[in-house]
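S.K.:
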Amino acid sequence: MNAKKAAGSKGTSYEGFTAEERRAMKEHAREMKAAALGADQEAAQLEKIAEMPEAERAMAERIHAIVKENAPQLMPKLWYGMPGWAKDGKVVCFFQNAGKFKSRYSTFGFNDSANLDDGEMWPTAFALTKLTAAGEKQITALVKKAAS
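Plus 11 on top of the position in the sequence shown (first one is 1) and you've got the working numbering.
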């Protein structure tokens, strides 16, 4: 039997969401409310980036600059407490710093609204430990395609 049974089942405990996942969901609710009230999404995103540890902050700042320069139609916003960039209100791509969910690497990922379809299967997330010139070039190409 699955250890993650519904609460109230005899003999099992419900592990549910991690503390980090619960925190992200609460952040998302606050972000939606702030957006509805007309908050400056880019300022909120840059504030969240500034809170990151130095190495992750440097990657997030550079990705923000790449997206802004190469896909100006994507609007900065926060998405579950992470920097995201949206088109028509839907997040196309996002940066998840390693510390967000206690991961060993940061992630630059794309949602299904990204125009990345390539045959039957294609990658939608990339692990990042540092951002090199080659990585920046790849992200630039992906962002341009995703936003097209």
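Ideal Cβ placement from N, Cα and C applies to all residues, glycine included.
What's the call for SER117, buried or exposed, on a 16-neighbour Cβ count within 10 Å?
M.R.: The residue labelled residue 117 in the question sits at position 106 within the sequence shown. Label assigned to SER117: buried.
S.K.: Starting from LYS113, follow the beta strand (DSSP E) in both directions and report where the run begins and ends.
M.R.: Reading the sequence shown from its first residue, position 102 is the one you call residue 113. Where LYS113 is concerned, there is no enclosing beta strand (DSSP E), given that its DSSP letter is neither H nor E.
S.K.: How is the beta strand (DSSP E) around MET86 delimited, first residue to last?
M.R.: Position 75 of the sequence shown holds residue 86. Its beta strand (DSSP E) spans residues 86-90.
S.K.: Could you round the C-beta distance between VAL154 and SER124 to whole angstroms and report it? I think they count as a contact, below 8 Å.
M.R.: Against the sequence shown, residue 154 aligns to sequence position 143. Against the sequence shown, residue 124 aligns to sequence position 113. Contact flag wrong, Cβ pair sits at about 13 Å.
S.K.: Going by CA-CA distance only, name the one from GLY130, GLU131, GLU32, ASN108 that's closest to GLU62.
M.R.: Locating residue 62 in the sequence shown gives position 51, counting from the first residue. It is ASN108 whose Cα lies nearest to the Cα of GLU62.
S.K.: Could you tell me the distance, in whole angstroms, from the CA atom of ALA71 to the CA atom of ALA50?
M.R.: If you number the sequence shown from 1, residue 71 lands on position 60. If you number the sequence shown from 1, residue 50 lands on position 39. Going by the C-alpha atoms only, they are around 21 Å apart.
S.K.: Measuring CB atoms only, is the stretch 77-88 touching the stretch 143-154, in the sense that at least three cross pairs come out at less than 8 Å?
M.R.: yes
S.K.: How long is the line joining the alpha carbons of LEU85 and TRP96, rounded to whole angstroms?
M.R.: Working through the sequence shown from its first residue, we reach residue 85 at position 74. Working through the sequence shown from its first residue, we reach residue 96 at position 85. Roughly 5 Å between the two C-alpha positions.
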